[in-house]
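Enquirer: Numbering-wise (numbering that gives the first Met the number 0), the sequence shown opens with residue 0 and increments by one.
Just so you know, even glycine gets a beta-carbon here, dropped at the ideal spot from N, CA and C.
Please read these numbers as outputs of a predicted model, since none were measured by experiment.
One structure coming up, written as structure tokens, with questions to follow.
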Amino acid sequence: MTFDPHTIDLPIVDVLDEASNQLSENNTVILHAPPGAGKSTLLPLALLDLPFLKEKKILMLEPRRLAAKSIAQRMSTLLEEPLGKTVGYRIRFETRVSDTTRIEVLTEGILTRMLQNDQELENVGLIIFDEFHERSIHADAALALCREAQSVLRPELRLLIMSATLNVPQLSSLLNAPVVASDGRQYPVEIIYTGEPDRTLIPEMASQTIIKAAKENDGDILAFFPGQGEIRKSEELLRRNLKGFHIHPLYGQLPFKQQQAAIWPNREGKRKVVLATSIAETSLTIEGIKVVVDAGYGRASRFDPRSGLSALHTHLISKDVADQRAGRAGRLEAGKCYRMWSLGTHERLDEHRTPEIMEADLASLVLDLALWGITDVNQLTWLTPPPKGKLKQASDILHELGALDKGRITEHGKKMHKIPCHPRLAHLLLIAEEQDLLDLATDLAAVLEERDPLPPNSGIDINLRIEALRKHRSEDRQGRGLSRIEKVAASYRKLFDIESSDEPVDDFETGFLLAQAYPERIASARPGNNAQFQLANGKLAMAGHRDDLAHEAWLAVAHLDARDGMGKIFLASPLNPQDLAPLVKEVEIVKWDTDDGGLVATKDLRIGNIILQSKPLPEPDESRRSEAILNAVREEGAQLLDISEEVKQLQYRVLSLRKWNPGGPWPDLSLITLLLTVEEWLSPYLDQIKKPEDFRKLNLIDILTHFLPYELQQELSEKAPIKIEVPSGSNIKIEYFEDGAPPVLAARLQELFGMGETPKINNGKTGLLMHLLSPGFKPVQITSDLKSFWDNTYFEVRKELKRRYPKHEWPDDPWSAEAVRGVKRRNKQ
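Quick look at the structure:
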């Protein structure tokens with residue numbers, strides 16, 4: 000390689016040697032550099048001849064296809080070589096590499112698949128994670144797997160994480176990696192806030208702002224929009240109202256030549272306006288930009304409960320993204336950024352973007368990890384760990400599709416993984432291959448992946464969409480929605496090497512395939528119908544009363560909303576009940592239903608939660624019977640169990656000893672803990688439990704007492720007695736408290752004459768709180784020092800007692816007076 004990166008005037012050149020040295024000495028390095036520093040193009044070329052890369056490749060991950068292709072093309076141009084010689088790229092359904100390729104620029108999902116095929120990556124010496132601050136789920140997963148490969152298989156494998164806005168100290172600490180920082184050359188950018196945004200009028204408001212900016216400034220303009228739809232509307236408005244400018248849209252679905260036209264300067268020297276999605280935030284350098292117009296919205300992939308797949312959602316951008324976008328105006332000289340929101344709105348924006356792993360569907364990730372052999376995701380290094388709830392949901396789906404069995408990947412799961420799409424759709428395509436329905440399945444999968452191509456109120460029948468796609472294809476029509484779907488369908492046909500079909504669609508075949516992808520959404524009409532359906536996952540949903548499918552007996556549902564209660568169906572297909580035979584399971588149901596009388600045991604024929612037939616089960620399995628009762632106690636224990644005051648006092652005695660003697664042997668008998676550990680103490684007593692009232696027959700005092708070891712039972716009686724004897728001979732109950740507060744002994748004062756000291760329990764370490772009562776059992780004094788009371792306070796109390804209870808004897812000397820249970824009347828003079 001004769002090209003010398005040090006000769007290029009870009010900021011990254013200042014740290015090329017430092018980055019090289021750090022990578023020679025460490026297997027993981029972080030590079031912090033602002034957009035436009037040249038890190039994506041110059042740094043890989045500068046590292047290529049380092050000793051640890053001898054005969055090994057560099058893989059560089061990019062979050063977007065356009066960036067991957069453009070960066071590979073730029074590096075090849077710098078080397079004065081054809082693309083694919085030293086530098087090439089791999090993106091979905093497109094590859095430009097050769098036997099001589101040393102640097103491969105990849106989109107992120109490609110690396111995950113390469114790791115699955117070769118966990119050691121023997122021919123790779125360095126993996127670069129470009130624009131890691133975008134926090135895509137593929138980048139997070141790939142980094143976790145690469146760190147695992149380093150720790151187990153390839154400690155010499157180098158990783159370089161490059162970021163513009165990430166929390167670098169946090170990442171450095173987590174990865175124990177040094178940081179190389181490039182300051183860049185950012186010119187000042189003046190920020191202009193144009194006022195509160197109106198999401199429904201983004202194209203119109205953005206067009207007005209662009210026209211204003213064009214009049215007030217020279218140079219080219221870069222405008223950021225949420226997505227393609229807004230860009231196309233704004234493009235139409237600008238072509239009518241902004242003369243003398245070339246208008247260039249820039250988004251992922253554009254042909255590559257049109258994308259390149261937006262990036263390079265206009266050949267005629269005219270000013271240009273680039274209307275871009277977030278694709279232009281980083282990685283790409285767009286020549287000539289001096290002004291940025293930011294609509295303030297982005298569109299990101301998030302799990303969509305309606306479709307069970309990931310879908311694009313529009314959202315306000317975060318402050319770090321806003322700063323990145325504004326920075327595009329300061330690459331060449333001082334610039335301006337028009338933000339289409341107010342300063343107040345800006346202050347309320349999130350500081351950083353939400354990592355995709357927190358919001359995405361994790362089914363593909365869980366399948367990736369299972370193929371790697373990882374069943375516990377916590378063993379990997381995550382900058383943001385995947386949410387437990389979403390992991391379980393993904394695992395449940397994959398088990399239902401047959402991709403996993405007890406957490407481990409099956410042969411069917413391995414086949415699913417080879418198909419580059421969501422596991423649901425991969426499963427659908429594999430089943431279709433077995434049933435000779437691939438021509439239908441490739442069209443159906445494409446329709447499911449993309450937005451509904453038909454206008455609103457077109458009905459819920461998904462077959463109408465497939466027929467529209469086939470008509471569009473046969474007549475070679477134009478139309479962005481259907482053209483996009485056909486492009487996806489064509490990629491699936493190429494994958495399976497089949498021809499397209501324009502034959503009429505069999506609705507039941509569509510329903511059969513949908514039921515494979517969405518077994519939990521098989522829907523049975525409810526009695527009386529009313530366009531309402533019971534889904535196999537237990538939820539209810541309805542179609543419009545006038546919809547053609549509203550009165551079908553069975554539906555396979557593809558899209559529905561995720562609301563609680565009665566959901567709404569958006570896309571579905573009729574389903575032949577005969578096709579459901581393989582999905583019907585005989586299930587023994589043993590559950591507790593307090594409202595239905597208690598223990599319920601049935602033998603059902605079911606599809607999920609749809610009951611086709613149910614019969615009583617007279618002799619349910621004992622373990623399942625016990626588990627049903629124990630679950631009921633966990634959920635409804637406070638209502639089912641007879642928690643009397645005597646039971647509470649037993650609990651409080653143990654809890655007090657536990658509080659008074661930290662680290663001792665006393666168990667936690669609080670109600671919440673008892674309910675969480677119910678199987679430990681209640682299991683032996685469930686034989687006769689069938690109805691809610693049977694719980695009232697349980698002697699909880701005996702049960703909880705015998706739950707204690709014999710030695711603790713004895714200690715409990717000694718250290719925390721139920722009663723204590725007073726001088727009158729009465730045995731009076733002690734009142735204990737849950738929080739270990741001093742126990743109370745409430746006794747009539749006359750029964751305590753002669754008691755010199757306050758009684759103590761807990762081996763003499765805990766004094767009782769004395770509630771001294773009148774003959775009418777009213778408190779007259781509360782004290783924890785009985786001796787002091789007799790010596791001082793008694794004589795004041797005595798005056799009041801003599802007045803209120805004149806027939807009782809109130810001696811002058813309480814120390815020598817006789818304690819009495821009943822009434823000892825005063826002697827008559």
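Out of Lys389, Ala445, Val376, Thr380, point me to the one whose CA is closest to Arg407's CA.
Expert: Taking the sequence shown and counting its residues from 1, one reaches residue 407 at position 408. It is Val376.
Enquirer: What residues in its chain sit with their C-beta under 8 angstroms from that of Asn240, if we drop five residues either side in the sequence?
Expert: Within the sequence shown, the letter at position 241 stands for residue 240. If we look at Asn240 and ignore the five residues flanking it on each side, its Cβ neighbours are Ser206, Ile210.
Enquirer: Would you tell me roughly how many angstroms separate the C-alpha atoms of Asp560 and Ile568, rounded to the nearest one?
Expert: In the sequence shown, counting from the first residue as 1, residue 560 sits at position 561. In the sequence shown, counting from the first residue as 1, residue 568 sits at position 569. One C-alpha to the other measures close to 7 angstroms.
Enquirer: Quick one: using the 10 Å Cβ neighbour count with 16 as the cut-off for buried, is Gln828 buried or exposed?
Expert: In the sequence shown, the residue the question calls residue 828 occupies position 829. Model confidence at Gln828 stands at a pLDDT of 43, short of 50, so the residue's coordinates are unreliable; what they give is reported in the following sentence. Its Cβ having fewer than 16 others within 10 Å, Gln828 is exposed.
Enquirer: Beta-carbon separation of Gly35 and Gly183 under 8 angstroms?
Expert: Within the sequence shown, the letter at position 36 stands for residue 35. Within the sequence shown, the letter at position 184 stands for residue 183. For Gly35 and Gly183, yes; Cβs fall inside 8 angstroms.
Enquirer: Would you tell me roughly how many angstroms separate the C-alpha atoms of Glu799 and Leu681, rounded to the nearest one?
Expert: Taking the first residue of the sequence shown as 1, we reach residue 799 at position 800. Taking the first residue of the sequence shown as 1, we reach residue 681 at position 682. Answer to the nearest angstrom: the Cα atoms are 52 angstroms apart.
Enquirer: At which residues does the beta strand (DSSP E) containing Tyr337 begin and terminate?
Expert: Reading the sequence shown from its first residue, position 338 is the one you call residue 337. First-last of the beta strand (DSSP E) with Tyr337: 334-338.
Enquirer: Assuming Ser39 and Ile70 are in contact, meaning their beta carbons sit under 8 angstroms apart, how far apart are those beta carbons, in whole angstroms?
Expert: The count along the sequence shown starts at 1 and reaches residue 39 at position 40. The count along the sequence shown starts at 1 and reaches residue 70 at position 71. Right, their Cβ atoms sit about 5 angstroms apart.
Enquirer: May I have the straight-line CA-CA distance separating Gln118 from Pro62, to the nearest angstrom?
Expert: Numbered from 1 along the sequence shown, position 119 holds the residue referred to as residue 118. Numbered from 1 along the sequence shown, position 63 holds the residue referred to as residue 62. Looking at the two C-alpha atoms, the distance is approximately 21 angstroms.
Enquirer: Whose CA, out of Ser727, His544, Asn536, lies closest to the CA of Gly527?
Expert: Reading the sequence shown from its first residue, position 528 is the one you call residue 527. That would be His544, whose Cα lies nearest to the Cα of Gly527.
Enquirer: Gln533 lies in the beta strand (DSSP E); which residues open and close that run?
Expert: The residue labelled residue 533 in the question sits at position 534 within the sequence shown. Residues 531-534.
Enquirer: Any chance you could list the alpha helix (DSSP H) runs of at least 4 consecutive residues sitting entirely within the segment 111-148, in chain order?
Expert: With a minimum length of 4 residues, no continuous alpha helix (DSSP H) run stays inside the segment 111-148.
Enquirer: With a CB to CB cut of under 8 angstroms and the five nearest residues on each side skipped, what residues in its chain are close to Asp811?
Expert: As a first step, residue 811 is located in the sequence shown; it is residue number 812 there, counting from the start. Around Asp811: no qualifying Cβ.
Enquirer: Using C-beta distances below 7 angstroms, list every residue in its chain close to Lys689, excluding the 5 sequence neighbours before and after it, in chain order.
Expert: As a first step, residue 689 is located in the sequence shown; it is residue number 690 there, counting from the start. Answer for Lys689: Gly597, Leu598, listed in chain order.
Enquirer: Is it buried or exposed for Ser832, if we count other Cβ within 10 angstroms and need 16 for buried?
Expert: The structure shown does not extend to residue 832, since the chain is modelled only from 0 through 828, so no value can be given for it.
Enquirer: According to DSSP, Met161 sits in a beta bridge with which residue or residues?
Expert: What you label residue 161 is simply residue 162 of the sequence shown in a count that begins at 1. Met161 pairs with Leu30.
Enquirer: Would you call the CB atoms of Val504 and Ile459 closer than 8 angstroms?
Expert: By 1-based counting over the sequence shown, the position of residue 504 is 505. By 1-based counting over the sequence shown, the position of residue 459 is 460. Contact flag unset, no.
Enquirer: Taking the alpha carbon of Ile702 as the reference point, which residue from Met754, Val646, Arg134, Glu80 has its own alpha carbon closest?
Expert: Residue 702 sits at position 703 when you count from the first residue of the sequence shown. That would be Val646, whose Cα lies nearest to the Cα of Ile702.
Enquirer: Applying the criterion that 16 or more other CB atoms from any shown protein chain within 10 Å of the CB defines a buried residue, is Val151 buried or exposed?
Expert: To locate residue 151, count along the sequence shown from 1; it is residue 152. Classification for Val151: exposed.
Enquirer: Does the distance from the C-beta atom of Leu348 to that of Lys318 stay below 8 angstroms?
Expert: Counting from one through the sequence shown, the residue named residue 348 turns up at place 349. Counting from one through the sequence shown, the residue named residue 318 turns up at place 319. A contact, by the Cβ cut-off of 8 angstroms.
Enquirer: Might you give, ordered along the chain, the residues of its own chain that have their beta carbon closer than 7 angstroms to the beta carbon of Arg472, omitting 5 neighbours on each side?
Expert: On the sequence shown, residue 472 is found 473 positions in, with the first residue counted as 1. Only Glu485, Ser499, Asp501 meet the Cβ criterion.
Enquirer: Where do the N-terminal and C-terminal ends of the alpha helix (DSSP H) with Ile396 fall, by residue?
Expert: For this step, residue 396 is matched to residue 397 along the sequence shown. Its alpha helix (DSSP H) spans residues 387-399.
Enquirer: Figure out for me which residue from Ala745, Pro264, Ser815, Gly753 has the closest Cα to the Cα of Thr782.
Expert: On the sequence shown, residue 782 is found 783 positions in, with the first residue counted as 1. That would be Ala745, whose Cα lies nearest to the Cα of Thr782.
Enquirer: Do you know whose CA, among Ser729, Pro452, Leu463, Arg327, lies nearest Leu748's CA?
Expert: Counting from one through the sequence shown, the residue named residue 748 turns up at place 749. Checking every option, the nearest Cα to that of Leu748 belongs to Ser729.
Enquirer: Below 8 angstroms between beta carbons: does that hold for Phe495 and Glu432?
Expert: Numbered from its first residue, the sequence shown carries residue 495 at position 496. Numbered from its first residue, the sequence shown carries residue 432 at position 433. Yes; because the gap between Cβ atoms is below 8 angstroms, this pair is in contact.
Enquirer: Closer than 8 angstroms is the cut-off here; do at least three beta carbon pairs connect the segment 661-680 with the segment 600-609?
Expert: No: fewer than three Cβ pairs fall under 8 angstroms.
Enquirer: Find the nearest neighbour of Leu767 within the set Glu79, Leu110, Gly739, Leu120, judged by alpha-carbon distance.
Expert: For the purposes of this step, residue 767 is taken as residue 768 along the sequence shown, with counting starting at 1. When only C-alpha atoms are compared, the closest one is Gly739.
Enquirer: Using three-state DSSP, classify Trp809 as helix, strand or coil.
Expert: Sequence index remark: in the sequence shown, residue 809 carries index 810 (1-based). In this structure, Trp809 counts as coil in the three-state DSSP scheme.
Enquirer: In whole angstroms, what separates the C-alpha of Gly905 from that of Asn122?
Expert: Here the chain covers residues 0 to 828 and nothing more, so residue 905 does not appear.
Enquirer: If we ignore side chains and look at the alpha-carbon of each, how far apart do Leu159 and Pro33 end up?
Expert: Here residue 159 refers to the residue found at position 160 of the sequence shown. Here residue 33 refers to the residue found at position 34 of the sequence shown. Distance between the alpha carbons of Leu159 and Pro33: 16 angstroms.
Enquirer: Going straight from the alpha carbon of Asn536 to that of Ser625, what length do you get?
Expert: Residue 536 sits at position 537 when you count from the first residue of the sequence shown. Residue 625 sits at position 626 when you count from the first residue of the sequence shown. If I take the Cα positions, the gap works out to 25 angstroms.
Enquirer: Which class does Lys827 belong to by DSSP, given the choice of helix, strand or coil?
Expert: Within the sequence shown, numbered from 1, the residue matching residue 827 stands at position 828. Summary for Lys827: the model assigns pLDDT 48, below 50, so the residue's position carries little reliability; its value from the coordinates is reported in the next sentence. It is coil, neither helix nor strand.
Enquirer: Per DSSP, which one or two residues make a beta bridge with His550?
Expert: Taking the first residue of the sequence shown as position 1, residue 550 is located at position 551. According to DSSP, which records beta bridges pairwise, His550 is partnered with nothing at all.
Enquirer: Between which two residues does the beta strand (DSSP E) holding Tyr192 run?
Expert: Position 193 of the sequence shown, counted from the first residue, corresponds to residue 192. Here the beta strand (DSSP E) through Tyr192 covers 188-192.
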